[in-house]
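First up is the structure itself, then whatever we jot down about it.
There are 4 protein chains.
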Amino acid sequence: MKHSFKNDYSELCHPQLLAALQKASNEQNAGYGLDKHSDSAKKLIKEKLESGDCDIHFVTGGTQANASVISHILRPYEAVLSCSTGHINVHETGAIEATGHKVYTVPGVDGKLTPKDIESALKYHQDEHMVKIGMVYISQSTEIGTVYSEAELKTLYDFCKENDLYFYIDGARLSSGLAASDVEFNRLKDLCDVMYIGGTKIGMLSGEAIVIFHNQLKPFFRYHIKNKGAMLAKGYVVGIQFEAAFENDLYFKMGQHENELARYLSDELKKLSIPLLSESPTNQIFPIFSKEQVEKLQQLYAFEIWELVEDKIAIRFVTSWSTTKEVCVELIEDIKALIQ
Amino acid sequence: MKHSFKNDYSELCHPQLLAALQKASNEQNAGYGLDKHSDSAKKLIKEKLESGDCDIHFVTGGTQANASVISHILRPYEAVLSCSTGHINVHETGAIEATGHKVYTVPGVDGKLTPKDIESALKYHQDEHMVKIGMVYISQSTEIGTVYSEAELKTLYDFCKENDLYFYIDGARLSSGLAASDVEFNRLKDLCDVMYIGGTKIGMLSGEAIVIFHNQLKPFFRYHIKNKGAMLAKGYVVGIQFEAAFENDLYFKMGQHENELARYLSDELKKLSIPLLSESPTNQIFPIFSKEQVEKLQQLYAFEIWELVEDKIAIRFVTSWSTTKEVCVELIEDIKALIQ
Amino acid sequence: MKHSFKNDYSELCHPQLLAALQKASNEQNAGYGLDKHSDSAKKLIKEKLESGDCDIHFVTGGTQANASVISHILRPYEAVLSCSTGHINVHETGAIEATGHKVYTVPGVDGKLTPKDIESALKYHQDEHMVKIGMVYISQSTEIGTVYSEAELKTLYDFCKENDLYFYIDGARLSSGLAASDVEFNRLKDLCDVMYIGGTKIGMLSGEAIVIFHNQLKPFFRYHIKNKGAMLAKGYVVGIQFEAAFENDLYFKMGQHENELARYLSDELKKLSIPLLSESPTNQIFPIFSKEQVEKLQQLYAFEIWELVEDKIAIRFVTSWSTTKEVCVELIEDIKALIQ
Amino acid sequence: MKHSFKNDYSELCHPQLLAALQKASNEQNAGYGLDKHSDSAKKLIKEKLESGDCDIHFVTGGTQANASVISHILRPYEAVLSCSTGHINVHETGAIEATGHKVYTVPGVDGKLTPKDIESALKYHQDEHMVKIGMVYISQSTEIGTVYSEAELKTLYDFCKENDLYFYIDGARLSSGLAASDVEFNRLKDLCDVMYIGGTKIGMLSGEAIVIFHNQLKPFFRYHIKNKGAMLAKGYVVGIQFEAAFENDLYFKMGQHENELARYLSDELKKLSIPLLSESPTNQIFPIFSKEQVEKLQQLYAFEIWELVEDKIAIRFVTSWSTTKEVCVELIEDIKALIQ
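Protein chains in written order, with the working numbering: chain A, 1444 to 1783; chain B, 1444 to 1783; chain C, 1444 to 1783; chain D, 1444 to 1783.
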């Protein structure tokens, strides 16, 4: 097989991050994230966020981050509101429910929530015989590659504040999401209560940085992540990677790189009159091929089968921090050969 | 400060493991532990275990491993039996209880359980108004550095089998525990139902290998670790490390190394007539100093304050895979100077 | 206000049940459901079920019964499949999720599931990144007053057995559901794995009888209900009521009575050309009135506002074991006056 | 068998409470505790408490009350501190842990906690690697029949307030506990943050009244008990009983009655030189007999075997609201015959 476009976590680690780890390999560091690299990484992130007083915690894995944050925010009888396509609803094997909470879903549009969705959910839940909606969960970029604009996030966040809801952004693909939208990193502090900055899907061995902006959510979060099995003995392993990723804007450049290659692919596919399931500005694109074409393509490349579209099949190509222009050009050439 | 003897997870990663990661850095690997390195690592571990049909799963972190295994084994009304010094009882911030289960404790002796302890627990729990003891948890080596002999493990395991209890070994420090006891690695398949082989505390960036011997515990464990937030997208990061650690018996040599240096320290301390809190054959030793001596030592070295012993203080020195003979010799010299 | 048609739990207790309690008031009975009345009640229920070897447990409250049964059946990573209108999904304030399990919903038809619904749910959940569907939940009668026929139940149950799913019937309104369908009580043992016979909504002070047919679900259920806070010290209070309710078929007669009065109401409403939201053969009917009519009716009677139907309002009338023909006649007279 | 002294929930219901139920049997009442009887009962209890602004909620069963209150108070990483003899630790089949929380225990003295116990627990739990003690649980009277004085409760409560701990009193046997101590009912509002007034063990069919004094614990508790399966559809069944029990001080008189008979028994036993395991001023007493005497007594009376005391056996006699002087006199006569 020539290459896998299956996901953005097939490749180990960005060379600069691996170099940073290598460099620290003769050090002794304090455990549980209380080390100098984690401190330095937090400082760098805060500078980029222009938010001096947020709290930052490193964990590994998006499900872990989501389950830790959501179960920290909610009271036992409260539910989290999510788009039905939300990762917490579909692809976490009930990890949120395992902490005791309903994931209440609304259909949304293009994988995105609107204030109207939240409003209808609030109206529907009127008394103590139903769960209380306690927070809203979104992903930037979304599970289907779309992004929220700053105005959209602002509207959602304002709506949440007016309705006593916490607002949480799952940033598993935040780097790509920022690069594809008008949302500046330093605006996020005014656009949500808590978020996580995804590392695993953008060139780290693993690691996500949970950022807590809302003061009421800060106390005792270290207890909470330990209770959820999410506190790493060698927290500095994640700290070192975030330090390196935020030292030179590498974190942001990787997402730009992904999106550029994805745009190249979608542009070329359009030239070839291959339909796309959606207009995704991020690193996931969804071309539609015939069954035969898909089978031939599978002999050369790995990718996800997404869904049936009438008698055809939408597949998913994901570009990563590690994907090269060359392999994308080759893919297009192979597709050209395929469709002739 | 000259050196930290605080724990065995202060140093990043054994050079051979880091080299293995480096070597794989240009590959694309399948996600979620379904990659060739994880397969190869499992094969190597099974060969060493001489157990062809056990199931192996990689996670990161001991609390995560313990919570995943225990909540997989127990029914909602069941409890896990542990020594009161057990890690799950003391140092996991209620992570086991967070999955819904009581940790029922007995005092034990030297951090170890006996069949008598289990028997008394079973006798005490007679009907449905009390929890049902569903499994027994031990650590090898224990939280205070002691080890079970093969005969002791066999007796415990037989007792468990006669009483329909699952028997689980927490191997956070298994390498050191094996090196200090007469238990051979390939005997473990007949000495427990499930265990985990600790990596974080023996030279890995992080990573633990859960090994399931009992057939009834095998099905659907991948669902379970995903549900508990313990399934890694980049499972191969752990797979690569275990592959390297088991290729050349590195895993076992590291524990031997730790124990040798710890023995050197305890032998020298005895020569200096410095009392030890316990006879620990593993990589944790507990010398007793006066308050003044401890304070002076703290200016040169980092270590844990363990407990008060009358008007003196027991401290803990931990040797790691990375500790050198030189630093141990220097420590002894400094102690000699101190006590004159 | 003349009368409340709001629900079927507004009236304390059927006189025969209260008399049975009165009669036992000078006795001493064993605690926790291990008394002679509970034994006798179980015997009577088993005779009616023609099932000698089912296990029966008394609890109080449908949410308690549902949460106890579902969390007993499912493994941590498993979900229960329900119609989106299912009580466990809508009206239990997340009680099922509080035990750690997702309630996965499909729309269904008329509040009822079909094998196609289950099949599509199973197809959708393919691997360990999604919950595993472990059981199917239905209600007889349903939350919107409809009933399953014996053939429908048989088809569902067979489908579940072929697909290794447990099948559970919530019988909060079983008496009314049986009276309105062709399902005989003694057929239920072959139509599900576990069910509960609702008492609270059919003339008991409170009390539901969980009936476990499937052998694998029987062991340790008493531990489980104690763990869930559902074991009553004075279990005999429920036992006495079920004993009295099953001594003379009272349990079944009450449902017939409810349904007859509901049918009288719906027949009369149809004569008056008042539309009904659905064809409900049970004790809940849903007539549609104008906003003004509803307001006038509210001055005389209590009832639930169900939903908007264009510019009109569907309301819910519930008849109970205690409702009299007289009050129904009066209601119809008042409606006649109202619509003139 | 002549009589059971096994517990205080062997008899159905005090005649006055049953009469009150009978009287309400022709009414229609609002569901879920929002009825006039529950309102009236709350008003009466508040008057007796001289606390106008506490919140009162009715549930059925002590385990349900305990699990509901404790899981409402604690954050996920917090534990409840209890005496090791505490009901939540021993006899609730892990119901508290099922809500996710550790029950941390200290030995206590005579079934009672002291500030020193709490202090040592707080000292032991120093950082995020251990649970955080979030609340203190005691029982009045205790599980072994002892009582706290007002001064003792005051000291405990003050200590809790100084240390940011919630203080909760399990009043399963509050009536007996108050009658045996110097604690006045109207003082309780200044002696704890939340408590429950037990009904099941003092003459009700079932029913406990959770009283929340602390303002921060009041919001959304109705959601919480629904989430925990503890909200009764026919809440008025409990409301009616508490209304009747508090209308004429019946609630308090029943405890006095129990204690008087228990004191009669212990006085007579002392006269007969039969040793008592403890000095219990409440309705549980623990005489010590030889094995032969116990066996003979078992032919006449039912009672619990409590524990072995050297070669003898301590048994438990419980007097209830329903126990008569006659049956106690007869018991003493039978014991006299036995020991001759």
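Don't be surprised by glycine CBs; every beta carbon is placed ideally from N, CA and C.
Boundaries of the beta strand (DSSP E) in which residue i is found, first to last residue
i, result
"Ser1733 (chain C)", "Ile1731 to Ser1733"
"Leu1524 (chain A)", "Glu1521 to Cys1526"
"Asp1498 (chain C)", "Asp1498 to Val1502"
"Phe1760 (chain C)", "Lys1755 to Val1761"
"Phe1685 (chain C)", "Phe1685 (chain C) -> not in any beta strand (DSSP E); alpha helix (DSSP H) instead, spanning Gly1678 to Glu1690."
"Ala1652 (chain C)", "Glu1651 to Ile1655"
"Tyr1591 (chain A)", "Where Tyr1591 (chain A) is concerned, there is no enclosing beta strand (DSSP E), given that its DSSP letter is neither H nor E."
"Gly1642 (chain A)", "No beta strand (DSSP E) holds Gly1642 (chain A); DSSP gives it neither H nor E."
Residue from the options with nearest C-alpha to residue i
i, options, result
"Gln1736 (chain B)", "B:Val1752, B:Leu1751, B:Ile1756 and B:Ile1728", "B:Ile1756"
"Ile1488 (chain D)", "D:Asn1509, D:Tyr1639, D:Met1578 and D:Val1579", "D:Tyr1639"
"Asp1613 (chain A)", "A:Gly1698, A:Gly1641, A:Ala1687 and A:Ser1624", "A:Gly1641"
"Thr1528 (chain D)", "D:Gln1583, D:Ser1483 and D:His1515", "D:Gln1583"
"Ala1522 (chain C)", "C:Pro1550, C:Leu1565, C:Gly1495 and C:Leu1492", "C:Leu1565"
"Val1770 (chain B)", "B:Val1752, B:Ile1758 and B:Ala1745", "B:Ala1745"
"Gln1699 (chain D)", "D:Ile1645, D:Tyr1600 and D:Lys1779", "D:Ile1645"
"Lys1768 (chain A)", "A:Asp1710, A:Gln1507, A:Ile1581 and A:Leu1704", "A:Leu1704"
"Leu1719 (chain A)", "A:Cys1635, A:Ile1731 and A:Lys1485", "A:Ile1731"
"Leu1455 (chain D)", "C:Pro1458, C:His1446, C:Asn1469 and C:Asn1606", "C:Asn1469"
"Gln1459 (chain B)", "B:Val1502, B:Lys1779, B:Tyr1694 and B:Asn1726", "B:Tyr1694"
"Phe1504 (chain C)", "D:Met1647, D:Ser1481, D:Tyr1475 and D:His1480", "Going by the sequence as given, residue 1504 (chain C) is Gly instead of Phe. Considering only alpha carbons, the answer is D:Tyr1475."
"Lys1696 (chain B)", "B:Trp1764, B:Ser1709, B:Ser1721 and B:Ser1723", "B:Trp1764"
"Leu1621 (chain B)", "B:Thr1598, B:Asp1777, B:Ser1592 and B:Asp1607", "B:Ser1592"
"Asp1498 (chain A)", "A:His1657, A:Leu1708 and A:Lys1677", "A:His1657"
"Glu1686 (chain B)", "B:Met1674, B:Pro1724, B:Met1647 and B:Asp1777", "B:Met1647"
"Ser1619 (chain B)", "B:Thr1536, B:Tyr1580, B:Ser1733 and B:Val1761", "B:Val1761"
"Ser1709 (chain A)", "A:Asp1692, A:Ile1775, A:Met1674 and A:Glu1605", "A:Ile1775"
"Ala1676 (chain A)", "A:Asp1478, A:Gly1543, A:Phe1448 and A:Lys1466", "A:Asp1478"
"His1457 (chain B)", "B:Asn1702, B:Leu1743, B:Ile1683 and B:Val1590", "B:Ile1683"
"Asp1625 (chain D)", "D:Asn1606, D:Val1637, D:Glu1595 and D:Gln1507", "D:Glu1595"
"Asn1509 (chain B)", "B:Phe1628, B:Ile1581, B:Gln1471 and B:Ala1780", "B:Ile1581"
"Val1681 (chain C)", "C:Val1590, C:Ser1481 and C:Leu1712", "C:Ser1481"
Opening and closing residue of the alpha helix (DSSP H) in which residue i lies
i, result
"Met1578 (chain A)", "First-last for Met1578 (chain A): Lys1575 to Ser1582, but that is the beta strand (DSSP E), not the alpha helix (DSSP H)."
"Tyr1694 (chain A)", "Leu1693 to Lys1714"
"Val1533 (chain A)", "His1530 to Val1533"
"Gly1505 (chain A)", "Gly1505 to Ile1516"
"Phe1664 (chain A)", "Phe1664 to Asn1670"
8 Å contact criterion, which residue i and residue j should meet: CB distance rounded
i, j, result
"Thr1548 (chain D)", "Ser1525 (chain D)", "5 Å"
"Lys1669 (chain D)", "His1572 (chain A)", "6 Å"
"Ile1653 (chain B)", "Val1512 (chain B)", "6 Å"
"Ala1541 (chain D)", "Lys1671 (chain C)", "7 Å"
"Gly1588 (chain B)", "Gly1543 (chain C)", "Wrong, their Cβ atoms sit about 36 Å apart, outside the cutoff."
"Ala1538 (chain D)", "Val1590 (chain D)", "Contact doesn't hold; Cβ gap of about 25 Å is too wide."
"Ile1516 (chain C)", "Leu1660 (chain C)", "6 Å"
CB contact check: residue i to chain F, cutoff 8 Å
i, result
"Thr1643 (chain A)", "Absent here is chain F; the protein component of the structure consists of chains A, B, C and D."
Item to check | Contacting positions in the stretch 1648-1680 of chain D - beta carbon closer than 8 Å to chain C | outcome: From the stretch 1648-1680 of chain D, only Leu1648, Ser1649, Tyr1666, Lys1669, Asn1670, Lys1671, Gly1672, Ala1673, Met1674, Leu1675, Ala1676, Lys1677, Tyr1679 and Val1680 have a Cβ closer than 8 Å to chain C.
Item to check | Selection of the stretch 1501-1528 of chain C by Cβ proximity to chain B, strictly under 9 Å | outcome: So the list reads Ser1514, His1515, Arg1518, Pro1519, Tyr1520 and Glu1521, given in the order they occur along the chain.
Item to check | chain B contacts from the stretch 1527-1557 of chain C (Cβ-Cβ distance under 9 Å) | outcome: Correct list: Thr1542 and Gly1543.
Item to check | Contact list for the stretch 1558-1579 of chain C against chain B, Cβ threshold 7 Å | outcome: Within the stretch 1558-1579 of chain C, the residues whose Cβ lies closer than 7 Å to any Cβ of chain B are, in chain order, Glu1571, His1572 and Lys1575.
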